[in-house]
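Colleague:
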Amino acid sequence: MMFWRSIVGKLWITILLLVSFVLFILTVLLLEYFENYHVNETEADLTQLATKIATTLETYDDNDVARAIAWEFADDVTKVLIIYDENTYWYSPDLEGIGNLPISYFMDDPNLQKVFSEDIKVSEKKYLTDAGLDSEFPDEMFIVGAPLHFSSDKTGAVFIYQSLNIVEETSKRTRTFIYFAAGVAIILTTIFAFFLLTRITAPLRKMREAAFELSKGKFDTKVPILTNDEIGELATAFNQMARQLKYNINAVNQEKEQLSSILSSMADGVITLNRDSTILITNPPAERFLQAWYYQQGMKNNPGEELPEEIRELFQKAVSFEKEQIIEVSLQGRNWVIIMSPLYNQTYIRGAVAVLRDMTEERRLDKLRTDFIANVSHELRTPIAMLQGYSEAIIDDIASSEEEKKEIVKVIYDESLRMGRLVNELLDLARMEAGHITLNKDEVNIDQFIEKIIRKFQGLAKDKEIKLTTSKSEQTVGSLVLDPDRIEQVLTNLIDNAIRHTKEQGSVTLNIMSQENGILFDVSDSGSGIPEEDLPFVFERFYKADKARTRGRSGTGLGLAIAKNIVDAHQGEISVHSKINEGTTFTFFLPRKTE
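Take the sequence shown: its position 337, counting from 1, is numbered 337 in full-length UniProt numbering, and each next residue is one higher.
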């Protein structure tokens, strides 16, 4: 079944039908030609024979001799009839297969009567069975008549008739020969057709195999070029197409990989939506956004095509108005700004692309800036108010004695120092957070460095009746490369805070532990502690866990923020642990090797 559907089978059938049709037409024409040719030849021979018999009969006076000679002219396939009148006629001797036609048949036939009436030669092809004669006669016979002159006033006739079966036999032989020639032609045509088609279809089969290989992604497949004709040119074009297709596929894959890499590495989320709002493409940040939304909605399984209501409404607006739309949503404690833009396909909108930007950090910074202004204003308002109030007291001569004036001036001086410290700490913190901090590192002996700091706070601790001690994991800690002024600032801030927030008879301990990769510093106190809800914010600017307990003190709320930046600049870490009414421990680690 596959053979008839193949190009070889189709071309073979087409050529075979074409050759058969041509041979059929040629056979019909040749048979007709040969049949007419044999009939015409038979007519000419019989006419010549009839004329010769008539001449012989007219020449000889002895009728018996003349008839004997006439019978000699007849062969074994012809019959001669000599007619003088209706009552006088002679048939040639009977031969096998040819009978004597009735004389009435010749006398009554209008065409044959012309021999007697018009004195001309006649010929006729007759189907005798159709004329009602007996079946002993052949189906078809050819009759020729020639006039016979006995005297000037009387005319007879010589009729010669012959069965056309001989012509039919000749036609059969001719037909058999033509059929044989046609069969040979068909066989030769088939052989030639298969030879030709094999030359044509062999390259085509190779191209088909190569095409299947291309469909499997094997773009290095090549078709051998066997000829220089159209098929060879087709093979060349096929190979060029394969090379170009490979180039285009590689280009598309590179572009796709590049686009995928860009989308994957983008910090912003990207969602491409179809016209019916189904999701086509997402990148990791967008997937995290959708997963957070699914979790918030209580969806355990990712529905895939489900969109948040806010994004769906934004998509409808962007498609309807053909204009970029922006919205900000809050999800799982994070702020997202969603920008939806229509996506065009030449002249019509085929969807939209949404860009999701995580603005949590920006909003936090905005809040920090707002809080910073509010905190600075709050911190400056108190000393400025005190400066203003005590200055007015001096101007209005409220102080009556010299001691009161000195006390007022001392308050003004202390508040101005407090304002100076606040401004300097703000400048230091701003430089640190901007990355402009400069460390003057040097190798420092930790034991001597700690002793110096402890001596500085012994007086303050003694005044407050607080026990200030140090503890070491080893007898000698060793040295460390650091910026001594900056680390002293950190320890000064931590120890000062510990002393200020520890009641009388309390204790403050500085513990130093030497480790393989660095040194760990612990500043512990037995003070009031920090509330658990305030612990995450102790290193933020202007943090004061209990405003009431620091009222009237000189703290600015910037010390811990500055300490954290100094430790970070040394590539270290700082943390805090605290319990209410049990105490607080600040821990920071400084590595031995820094980049």
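For every residue, glycine included, the Cβ atom is placed at its ideal position computed from N, Cα and C.
Since this is a predicted model, take the numbers as computed values, not measurements.
With distances taken between CB atoms, is the gap from Ser514 to Ser473 smaller than 8 Å?
Modeller: Position 514 of the sequence shown, counted from the start, is the residue given in the question as residue 514. Position 473 of the sequence shown, counted from the start, is the residue given in the question as residue 473. In this structure, Ser473 lies closer than 8 Å to Ser514 by Cβ.
Colleague: Figure out for me which residue from Pro224, Lys406, Asn248, Met359 has the closest Cα to the Cα of Arg205.
Modeller: Numbered from its first residue, the sequence shown carries residue 205 at position 205. Here the closest residue by C-alpha is Pro224.
Colleague: So, for Leu214: in the same chain, excluding its five sequence neighbours on each side, which residues have a beta-carbon less than 8 Å away from its beta-carbon?
Modeller: As a first step, residue 214 is located in the sequence shown; it is residue number 214 there, counting from the start. Excluding sequence neighbours, Leu214 sits near Thr221, Ala242, Leu245.
Colleague: On the DSSP bridge list, what partners appear for Gln325?
Modeller: By one-based count along the sequence shown, residue 325 stands at place 325. Its beta-bridge partners are Met340.
Colleague: Put Val481 into one of helix, strand or coil per three-state DSSP.
Modeller: As a first step, residue 481 is located in the sequence shown; it is residue number 481 there, counting from the start. Residue state, collapsed to three classes: strand.
Colleague: According to the neighbour-count rule (16 or more other Cβ atoms, all chains shown, within 10 Å of its Cβ), is Thr438 buried or exposed?
Modeller: As a working mapping, residue 438 is identified with position 438 in the sequence shown. By the neighbour-count rule (16 or more Cβ atoms within 10 Å), Thr438 is not buried but exposed.
Colleague: Following the continuous beta strand (DSSP E) through Met513, name the residue where it begins and the one where it ends.
Modeller: On the sequence shown, position 513 is the one that residue 513 refers to. Element bounds for Met513: 507-514.
Colleague: Based on the DSSP secondary-structure assignment, which residues constitute the bridge partners of His149?
Modeller: What you label residue 149 is simply residue 149 of the sequence shown in a count that begins at 1. Looking at the DSSP assignment, His149 forms a beta bridge with Thr155.
Colleague: What's the gap between the Cα of Ser277 and the Cα of Val270?
Modeller: Residue mapping note: residue 277 aligns to position 277 of the sequence shown, counting from 1. Residue mapping note: residue 270 aligns to position 270 of the sequence shown, counting from 1. Their backbone Cα atoms lie some 14 Å apart in a straight line.
Colleague: Following the continuous alpha helix (DSSP H) through Pro308, name the residue where it begins and the one where it ends.
Modeller: Stepping through the sequence shown from its first residue, residue 308 is reached at position 308. Unbroken run through Pro308: none, as it is neither H nor E.
Colleague: Short of 7 Å in beta carbon distance, which residues of its chain neighbour Glu415, apart from the five on each side in sequence? Order them along the chain.
Modeller: Indexing the sequence shown from 1 puts residue 415 at position 415. The answer, listed in chain order, is Pro383, Met386, Leu387.
Colleague: In whole angstroms, give me the CA-to-CA distance for Ala393 and Leu417.
Modeller: Translated into the one-based positions of the sequence shown, residue 393 becomes position 393. Translated into the one-based positions of the sequence shown, residue 417 becomes position 417. Between Ala393 and Leu417, the C-alpha separation is close to 20 Å.
Colleague: Looking only at its own chain, which residues have a Cβ that is under 8 Å from the Cβ of Met207, when we skip the five neighbours before and after it?
Modeller: Within the sequence shown, residue 207 is the residue found at index 207, counting from 1. Taken in chain order, the residues that qualify are Val223, Leu234, Ala235, Phe238.
Colleague: Rounded to whole angstroms, what is the Cα-Cα separation between Met279 and Ser377?
Modeller: Translated into positions along the sequence shown, residue 279 becomes position 279. Translated into positions along the sequence shown, residue 377 becomes position 377. Note on identity: in this sequence residue 279 is Ile, with Met being the wrong assignment. Computed Cα separation, rounded: 49 Å.
Colleague: For Asp522, verify whether its CB is less than 7 Å away from any heavy atom of the ligand SAH.
Modeller: With respect to small molecules bound, the structure shown includes none, and the ligand SAH cannot be examined in it.
Colleague: Along the chain, where does the alpha helix (DSSP H) containing Thr236 start, and where does it finish?
Modeller: Within the sequence shown, numbered from 1, the residue matching residue 236 stands at position 236. Thr236 -> alpha helix (DSSP H) spans 230-265.
Colleague: For Val508 and Ile499, which I take to be in contact (beta-carbon distance under 8 Å), what is that distance rounded to the nearest angstrom?
Modeller: Against the sequence shown, residue 508 aligns to sequence position 508. Against the sequence shown, residue 499 aligns to sequence position 499. Confirmed, about 6 Å.
Colleague: Could you give the DSSP three-state label for Lys564: helix, strand or coil?
Modeller: Here residue 564 refers to the residue found at position 564 of the sequence shown. Reduced to three states, the DSSP call for Lys564 is helix.
Colleague: Mind checking if Met107 is an interface residue toward chain B, Cβ cutoff 8 Å exclusive?
Modeller: The structure shown contains no chain B; it is built from a single protein chain.
Colleague: Would you mind sorting Gly420 into buried or exposed? The rule is 16 or more other CB atoms within 10 Å of its CB.
Modeller: The count along the sequence shown starts at 1 and reaches residue 420 at position 420. So Gly420 counts as exposed.
Colleague: Name the DSSP bridge partner or partners of Val423?
Modeller: Here the question's residue 423 lines up with position 423 in the sequence shown. Partner(s): none; Val423 has no beta bridge.
Colleague: Taking the Cβ atom as the reference point for each residue, do Ile466 and Thr502 lie within a distance shorter than 8 Å?
Modeller: As a first step, residue 466 is located in the sequence shown; it is residue number 466 there, counting from the start. As a first step, residue 502 is located in the sequence shown; it is residue number 502 there, counting from the start. Cβ atoms of Ile466 and Thr502: closer than 8 Å.
Colleague: In this structure, what does DSSP give as the bridge partners for Arg334?
Modeller: Against the sequence shown, residue 334 aligns to sequence position 334. Arg334 is bridged to Leu331.
Colleague: What is the rounded straight-line gap between the Cα of Asn36 and the Cα of Ala66?
Modeller: One-based indexing of the sequence shown puts residue 36 at position 36. One-based indexing of the sequence shown puts residue 66 at position 66. If you take the alpha carbons of Asn36 and Ala66, they lie about 33 Å apart.
Colleague: For Glu540 and Ile339, I'd like the C-alpha separation in whole angstroms.
Modeller: Along the sequence shown, one-based indexing puts residue 540 at 540. Along the sequence shown, one-based indexing puts residue 339 at 339. Each residue's Cα considered, the two are about 32 Å apart.
Colleague: Determine the direct distance from the alpha carbon of Phe212 to that of Trp12, and round the result to whole angstroms.
Modeller: Reading the sequence shown from its first residue, position 12 is the one you call residue 12. Reading the sequence shown from its first residue, position 212 is the one you call residue 212. Taking the straight line from one Cα to the other gives about 25 Å.
Colleague: Whole angstroms is fine: what's the gap from Arg334's alpha carbon to Glu324's?
Modeller: Translated into positions along the sequence shown, residue 334 becomes position 334. Translated into positions along the sequence shown, residue 324 becomes position 324. Each residue's Cα considered, the two are about 23 Å apart.
Colleague: Using a Cβ-Cβ cut-off of 8 Å (strictly less than) and excluding sequence neighbours within five positions of Thr469, which residues of its own chain qualify?
Modeller: Counting from one through the sequence shown, the residue named residue 469 turns up at place 469. Around Thr469: Ser507, Val508, Thr509, Leu510.
Colleague: Quick one, are the C-beta atoms of Glu43 and Phe142 less than 8 Å apart?
Modeller: As a position in the sequence shown, residue 43 is number 43, starting the count at 1. As a position in the sequence shown, residue 142 is number 142, starting the count at 1. Contact flag set, yes.
Colleague: Going by DSSP, what residue range makes up the alpha helix (DSSP H) through Arg67?
Modeller: On the sequence shown, position 67 is the one that residue 67 refers to. Unbroken alpha helix (DSSP H) run through Arg67: 63-73.
Colleague: Report yes if the CB atom of Ala354 is closer than 8 Å to the CB atom of Leu273, and no otherwise.
Modeller: Residue numbering aside, residue 354 sits at position 354 when the sequence shown is read from its first letter. Residue numbering aside, residue 273 sits at position 273 when the sequence shown is read from its first letter. Taking 8 Å as the Cβ cut-off, Ala354 and Leu273 qualify as a contacting pair.
Colleague: With a cut-off of 8 Å on the beta carbons, I'd call Ile160 and Leu49 a contact; round off their distance for me.
Modeller: Reading the sequence shown from its first residue, position 160 is the one you call residue 160. Reading the sequence shown from its first residue, position 49 is the one you call residue 49. About 6 Å separates the two Cβ atoms, so the contact holds.
Colleague: Anyone know if the C-beta pair for Phe521 and Phe588 falls short of 8 Å?
Modeller: Taking the sequence shown and counting its residues from 1, the one referred to as residue 521 is at position 521. Taking the sequence shown and counting its residues from 1, the one referred to as residue 588 is at position 588. The answer is yes: Cβ separation under 8 Å.
Colleague: At the level of alpha carbons, what is the spacing between Val530 and Val523?
Modeller: On the sequence shown, residue 530 is found 530 positions in, with the first residue counted as 1. On the sequence shown, residue 523 is found 523 positions in, with the first residue counted as 1. Checking the sequence, you will find Ile at residue 530 rather than Val. Whole-angstrom Cα-Cα distance: 14 Å.
Colleague: What are the partner residues of Ala354, as DSSP defines its beta bridges?
Modeller: Taking the first residue of the sequence shown as position 1, residue 354 is located at position 354. Partner(s): Ile271, Met340.
Colleague: I need the boundaries of the alpha helix (DSSP H) containing Val80, first residue and last residue.
Modeller: The residue given as residue 80 occupies position 80 in the sequence shown. No alpha helix (DSSP H) contains Val80, which is instead part of the beta strand (DSSP E) from 78-83.
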